[in-house]
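Q: Position one of the sequence shown corresponds to residue 397 (my numbering), numbered consecutively onward. All C-beta atoms, glycine included, are put in the ideal place defined by N, C-alpha and C.
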Amino acid sequence: QRAEWALLKDQQSVSADGKTFVVGANIGSPKDMAAVLENGSEGVGLYRTEFLYMESDHLPTEDEQFEAYKAVVEKMAGKPVTVRTMDIGGDKHLSYWKLPDEENPFLGYRAIRISLDQTEIFRTQLRALLRASAYGNLWIMFPMIATLAEFRAAKKLYLEERTKLENDGVAMGEVKLGIMIEIPAAAVLADKFAKELDFFSIGTNDLIGYTMAADRGNDKVAYLYQPYNPSILRLINNVIEAAHKEGKFVAMCGEMAGDPVAVPVLMGMGLDEFSMSAPSVLQTRSLMKKLNTADMKLLAEKALDAETNDEVIALVEAATK
Ligand code: PEP
Ligand code: MG
397 QRAEWALLKD
407 QQSVSADGKT
417 FVVGANIGSP
427 KDMAAVLENG
437 SEGVGLYRTE
447 FLYMESDHLP
457 TEDEQFEAYK
467 AVVEKMAGKP
477 VTVRTMDIGG
487 DKHLSYWKLP
497 DEENPFLGYR
507 AIRISLDQTE
517 IFRTQLRALL
527 RASAYGNLWI
537 MFPMIATLAE
547 FRAAKKLYLE
557 ERTKLENDGV
567 AMGEVKLGIM
577 IEIPAAAVLA
587 DKFAKELDFF
597 SIGTNDLIGY
607 TMAADRGNDK
617 VAYLYQPYNP
627 SILRLINNVI
637 EAAHKEGKFV
647 AMCGEMAGDP
657 VAVPVLMGMG
667 LDEFSMSAPS
677 VLQTRSLMKK
687 LNTADMKLLA
697 EKALDAETND
707 EVIALVEAAT
717 K
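1) Figure out for me which residue from ASP611, ASN533, PHE518 has the closest Cα to the Cα of GLU556.
2) Which word fits LYS588, buried or exposed, when buried means at least 16 other C-beta atoms lie within 10 angstroms of its C-beta?
3) For a test of your reading of the model: does the CB of PRO539 fall under 8 Å from any non-hydrogen atom of the ligand MG? Yes or no.
4) Can you list, in chain order, the residues of its chain whose CB lies under 6 Å from that of PHE645, leaving out five sequence neighbours each side?
5) Give the range of the alpha helix (DSSP H) segment to which ASP549 is assigned.
6) Taking three-plus beta-carbon pairs below 8 Å as touching, is the region 701-711 in contact with the region 682-691?
7) For TRP493, which option in GLY485, LEU442, GLU499 has the closest C-alpha, if you only look at C-alpha atoms?
8) Taking 6 Å as the limit, name every residue whose beta carbon sits nearer than that to some heavy atom of the ligand PEP, in sequence order.
9) So which of ALA524, ALA715, TYR505, GLY664 has the shortest CA-CA distance to LYS560?
10) Let me confirm a value: LYS616 is counted as buried when at least 16 other C-beta atoms fall within 10 Å, else exposed. Which label applies?
11) Run the CB neighbour count on ASP487, radius 10 Å, all protein chains shown included, and call it buried at 16 or more, exposed below.
12) Taking a contact to mean a Cβ-Cβ separation below 9 Å, would you say SER671 touches VAL419 in this structure?
13) Does the beta-carbon of MET576, which I'm using as the reference point, lie nearer than 8 Å to any heavy atom of the ligand MG?
14) Flag this pair as yes or no: are the beta carbons of LEU534 and VAL477 separated by less than 9 Å?
15) When the Cα atoms are used, what is the spatial distance from GLU458 to LYS693?
16) Specify the secondary structure class of TYR363 as computed by DSSP and reduced to three states.
17) Output yes or no for whether 9 Å exceeds the beta carbon distance between PHE538 and MET568.
18) How close, in whole Å, do the beta carbons of ALA581 and LEU629 come, if the pair is a contact with beta carbons under 8 Å?
19) What number of angstroms, rounded off, separates the C-alpha of GLY439 from the C-alpha of GLY574?
20) Quick one: what's got a C-beta closer than 6 Å to PHE447's C-beta in the same chain, skipping five residues either side?
21) Taking only three categories from DSSP, how would you classify ARG506?
22) From what residue to what residue does the alpha helix (DSSP H) around ILE636 run?
23) Excluding the 5 residues preceding and the 5 following ARG398 in the sequence, name in chain order all residues of the same chain whose CB lies nearer than 7 Å to its CB.
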């Protein structure tokens with residue numbers, strides 16, 4: 397099987413009936429790029445920049461960040477790299493920057509909520525990203541967006557930094573701007589967001605947790621962490637339909653994107669990009685090649701009309717055997 401996958405390294409990701417998809421990889425640092433390239437990834441669908449902050453003993457400077465982002469976009473040589481602004485908080489802590497203790501850190505001060513509060517730190521990251529955009533195909537997305545006001549505020553800061561750099565004669569690329577869909581509120585209101593941004597990236601790890609109100613790490617409630625629950629599938633489908641209605645692009649960068657049970661359903665829904673850990677890329681490309689999108693569309697319709705997680709698993713088995 398591995399030999400068969402290896403043959404797909406330099407090929408496009410195409411279904412049996414010729415529909416193309418983008419299969420990308422997730423990274424946490426420029427050090428991960430070797431695996432991204434070895435596995436023939438068509439893009440970096442998620443660069444988790446918080447590791448830059450976590451692995452340092454100080455807030456990374458603009459130049460330190462610029463070098464890291466530039467290294468990644470240069471290695472991808474024109475293929476898209478989606479960089480997520482820092483997602484600190486929740487379970488991700490910094491030794492040199494004490495955040496307030498909270499009763500519910502996962503419902504608290506994290507990610508874009510910190511960035512919009514500590515705007516100098518956010519502006520520094522945006523400047524580093526904009527400078528790096530001159531060296532490849534860089535997209536920026538904001539994590540943990542719940543409201544349109546948050547997206548608009550983040551976009552305003554981005555545009556202000558862009559204008560300043562432009563006035564200073566700094567070279568920049570065209571940058572696409574998007575948000576992570578991790579909070580159900582944003583998934584439900586996707587039609588409104590779709591009018592104002594370039595792309596979505598669905599973060600199913602958090603989206604499932606927040607929708608089911610269940611922490612995967614907690615054994616007592618792990619049974620509620622159900623990726624194929626039709627409630628989750630309907631949220632995902634709502635985001636894809638809303639985006640496509642406005643001609644916008646939809647990626648997924650949560651674990652589900654590389655899950656062989658989910659991939660057939662997501663192909664049927666018309667998801668544009670699947671981003672996953674690099675070792676899953678070729679296996680996913682191989683699976684896509686065997687599936688017909690018309691059949692997967694029927695599967696997706698049945699899955700959206702199902703009642704339970706287990707029912708969806710059985711539907712996928714029947715449709716892909
Ligand atoms: C997600 O929530 O699905 C996601 C990709 O972000 P992270 O796993 O970094 O929280
Ligand atoms: Mg997340």
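A: The relevant details are as follows:
1) PHE518
2) exposed
3) yes
4) Residues PHE595, ASP668 of the same chain have their beta carbon placed closer than 6 Å to that of PHE645, with the five preceding and five following residues left out of the count.
5) Note that residue 549 is Ala in the sequence shown, not Asp. 544-563 is the extent of the alpha helix (DSSP H) around ALA549.
6) Contact between the region 701-711 and the region 682-691 is absent: fewer than three C-beta pairs spanning the two stretches fall below 8 Å.
7) GLY485
8) LEU442, ARG444, ASP483, GLU578, GLY599, THR600, ASN601, ASP602, CYS649, GLY650
9) ALA524
10) exposed
11) exposed
12) yes
13) yes
14) yes
15) A straight line joining the alpha-carbon of GLU458 with that of LYS693 spans about 45 Å.
16) A question about residue 363 goes unanswered here, because the residues of the chain that appear run from 397 up to 717.
17) no
18) Not a contact, Cβ separation roughly 18 Å.
19) Approximately 16 Å, taken between the alpha carbons.
20) GLY424, SER425
21) coil
22) 626-641
23) none
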